[in-house]
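Numbered by numbering that gives the first Met the number 0, the letters in the sequence shown go through residues 0 to 172 in order. C-beta: ideal position from N, C-alpha, C; glycine also. Every value quoted in this text rests on a predicted model; they were computed, and no experiment measured them.
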Amino acid sequence: MAPSFTHGLFAAGATSLWLLLAYALGLHTQHITIGHYVNYGAEIILIIALWRSLHRELHAQNRYWLPIWLGLLHGLLTALVAAMGVYVFLALYLNFINPDYPDLHLEWRVATLRASGAAEEEVRAMARAYRWSTGPVGLPITLAGLYLLFAFIASPLLTLWLNWRRKEPGHIG
0 MAPSFTHGLF
10 AAGATSLWLL
20 LAYALGLHTQ
30 HITIGHYVNY
40 GAEIILIIAL
50 WRSLHRELHA
60 QNRYWLPIWL
70 GLLHGLLTAL
80 VAAMGVYVFL
90 ALYLNFINPD
100 YPDLHLEWRV
110 ATLRASGAAE
120 EEVRAMARAY
130 RWSTGPVGLP
140 ITLAGLYLLF
150 AFIASPLLTL
160 WLNWRRKEPG
170 HIG
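This is the structure we're talking about:
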């Protein structure tokens, strides 16, 4: 199996476990303020998966240098597979495991915006956008867009960093 595919599946599985752990600890129900920040763990997991995928691609072929376009291609494929896996999990999570999470999170975000003195029109626009992004049409678009944008930025940077770190040329044989 291709490293991009396996590392994308790893990212989807690890993100799913991470979110289940947050739910089990009450971070998506009782401690929603902390749970909001815990959700950034998904991006850290994606970076680790991108790094492992690109590292494996660089070292498996015994290359000295991985072209940026190839690193970008592998990163986007890894992110696409991860986004599809996370979408399947989140669809199940938001419909069966914790269907109250979108309402609780939106309530917290609205309260935070109102406490900061935001205009009511801004609060309503954020609420509409949030409802759309957790709905059946918005969730896959939001996840795919977020993961692909993240990979589009991180993959070339990780590729350059891995190329710079590889000091010895590949060995033949």
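- [ ] Quick one: which unbroken beta strand (DSSP E) runs of 3-plus residues sit fully inside the stretch 39 to 107? Chain order, please.
- [x] none
TODO: Taking the CB atoms as reference points, tell me whether L18 and A150 lie closer together than 9 Å.
DONE: For the purposes of this step, residue 18 is taken as residue 19 along the sequence shown, with counting starting at 1. For the purposes of this step, residue 150 is taken as residue 151 along the sequence shown, with counting starting at 1. Contact: no.
Task: Rounded straight-line distance, which links the Cα of W64 to that of A128 - done: In the sequence shown, the residue the question calls residue 128 occupies position 129. In the sequence shown, the residue the question calls residue 64 occupies position 65. So the two alpha carbons sit approximately 42 Å from each other.
Task: Rounded C-alpha distance that separates L69 from L57 - done: The residue given as residue 69 occupies position 70 in the sequence shown. The residue given as residue 57 occupies position 58 in the sequence shown. Roughly 10 Å separates the two Cα atoms.
- [ ] Let me know the secondary structure DSSP gives L26 once reduced to three states.
- [x] Here residue 26 corresponds to residue number 27 of the sequence shown, with the count starting at 1. In the structure shown, L26 sits in coil (DSSP, three-state: anything other than H, G, I, E or B).
TODO: Could you say which of A126, P139, L142 and H73 lies nearest to H54 if we only look at CA atoms?
DONE: Along the sequence shown, one-based indexing puts residue 54 at 55. Looking at the Cα atoms, H73 is the closest of the given residues.
- [ ] Using alpha carbons as the reference points, say which of A124, A117, R62 and S52 lies closest to L8.
- [x] The residue given as residue 8 occupies position 9 in the sequence shown. If we check each option's Cα against that of L8, S52 comes out closest.
Open item on the list: Which residue marks the beginning of the alpha helix (DSSP H) containing G34, and which one marks its end?
Closed with: If you number the sequence shown from 1, residue 34 lands on position 35. I31 to V37 is the extent of the alpha helix (DSSP H) around G34.
- [ ] Could you tell me the boundaries of the alpha helix (DSSP H) in which T133 lies?
- [x] The residue given as residue 133 occupies position 134 in the sequence shown. First-last for T133: undefined, no H or E at that position.
Task: Local Cβ density within 10 Å of S115, reported as buried at 16 or more and exposed below that - done: Stepping through the sequence shown from its first residue, residue 115 is reached at position 116. Exposed: under 16 other Cβ atoms inside 10 Å.
Open item on the list: For V80 and S3, which I take to be in contact (beta-carbon distance under 8 Å), what is that distance rounded to the nearest angstrom?
Closed with: The residue labelled residue 80 in the question sits at position 81 within the sequence shown. The residue labelled residue 3 in the question sits at position 4 within the sequence shown. Confirmed, Cβ separation roughly 7 Å.
TODO: Starting from the Cα of L159, find the closest Cα among L71, A59, H27 and I33 and give me that residue.
DONE: Taking the first residue of the sequence shown as position 1, residue 159 is located at position 160. Of L71, A59, H27 and I33, the residue nearest in Cα terms is L71.
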